[in-house]
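Residue 92 in numbering that gives the first Met the number 0 sits at position 93 of the sequence shown, and the numbers go up by one each step.
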Amino acid sequence: MDDQLAQRHRTDKSTVLAQPAWMVALVCVALALLGAGAGWLIKILAEWLVELPWAPMQGPARLLASVPEPWLTVGLLAAGTALGLIVGLIAQYEELSAVVSAERITLTRKGKDQEFARDHVVQAFLDGKQLVLLGDDEGELAREACDLDAQRVAEAFTAHGYAWLDEDPYKDAFRRWVPDVPELPHGANPLLKARAQLLEKKSSTEDLRELREELARLGVVVRDEKRRQYWRLSQGRG
């Protein structure tokens with residue numbers, strides 16, 4: 000009885016899945032040091048270019064070299080460090096985090112939340128480096144890039160009673176997309192063509208997400224692999 004109560008107490012609490020604080024701090028410190036190193040190299044490069052009249056970038060190099068010490072070194076090191084910290088914070092901002100509870104799953108990226116009620120999530124799994132939530136119509140509720148520890152993610156979902164899978168149960172149903180596939184619902188091919196162009200240009204993930212959601216409303220599930228698209232139909236198509 001005590002074991003059952005302990006188990007219930009553990010699973011009733013929300014589980015937060017995010018990069019540990021020490022890793023975030025380590026990344027920010029490492030990028031700050033790289034930025035400081037880049038600032039130092041810029042100082043050395045500017046001084047070197049000034050001594051070579053035939054070298055390009057003479058104007059910017061002379062301008063930098065004209066700044067008296069120690070202000071030049073301090074300024075470049077400070078600017079490089081700040082830039083490194085900003086890059087680190089942006090990277091963390093774009094990382095996926097999740098809150099898993101017995102009632103719902105909340106996925107957060109770039110300050111935006113996606114909430115999925117427990118009754119709507121039938122299965123969940125990791126497809127490589129992507130977290131996938133499946134609905135009751137065999138469609139995908141979410142497919143998000145995920146760098147979180149795979150074991151921690153699996154343990155969190157199973158602890159709260161979600162059906163966790165080792166792989167995509169519909170992986171064999173995916174087919175590579177080529178233009179004008181006749182089996183696709185009306186309107187799906189133009190959306191997939193637009194996504195293909197975005198993938199080639201390595202465009203915004205937000206645009207790709209919007210087109211994925213449009214395809215989901217048509218009953219088409221799509222996943223990307225090395226800028227190639229693979230599709231399958233869900234039960235809720237059309």
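We put the beta carbon where it would ideally sit given N, CA and C, even for glycine.
Assuming residue i is part of the beta strand (DSSP E), what are its boundary residues?
i: D112; result: K111 to A116
i: V98; result: S96 to V99
i: R151; result: Segment A149 to A158 is the alpha helix (DSSP H) holding R151; no beta strand (DSSP E) there.
i: L132; result: Q129 to L133
i: Y161; result: From DSSP, Y161 is part of no beta strand (DSSP E); its letter is neither H nor E.
i: E224; result: V219 to E224
i: W230; result: R227 to L232
i: A17; result: Element bounds for A17: n/a, residue is neither H nor E.
i: F124; result: Q122 to D126
i: L106; result: R103 to R108
Look at the Cβ atom of residue i, then the Cβ atom of residue j, and state whether they are nearer than 8 Å.
i: L247; j: H119; result: With the chain covering only 0 through 237, there is no way to say anything about residue 247.
i: F173; j: Y229; result: yes
i: P184; j: V219; result: yes
i: L210; j: R226; result: no
i: A17; j: S96; result: yes
i: A215; j: G110; result: no
i: A155; j: T14; result: yes
i: L133; j: F115; result: no
i: A123; j: Y161; result: yes
i: L217; j: G186; result: yes
i: R117; j: E102; result: yes
If residue i sits next to residue j, beta carbons under 8 Å apart, how far is it from one beta carbon to the other, in whole angstroms?
i: E224; j: L190; result: About 18 Å; that fails the 8 Å criterion.
i: D136; j: Q234; result: 4 Å
i: L198; j: D206; result: Contact doesn't hold; Cβ gap of about 10 Å is too wide.
Go to residue i, then tell me how far its alpha helix (DSSP H) extends in each direction, as first and last residue.
i: R211; result: T204 to R216
i: L191; result: A187 to K200
Tell me, which residues are paired with residue i by DSSP?
i: A77; result: Paired residue(s): none; A77 is not in a bridge.
i: A141; result: L132
i: L44; result: In DSSP, L44 forms no bridge with anything.
i: R174; result: W230
Check: Are there three or more Cβ pairs, one per stretch, closer than 8 Å when the stretch 177 to 194 is compared with the stretch 121 to 129?
Finding: no
Note to self: Contact between the stretch 99 to 116 and the stretch 163 to 176 is defined here as three or more beta-carbon pairs at a separation below 8 Å; is this criterion met?
What the structure shows: no
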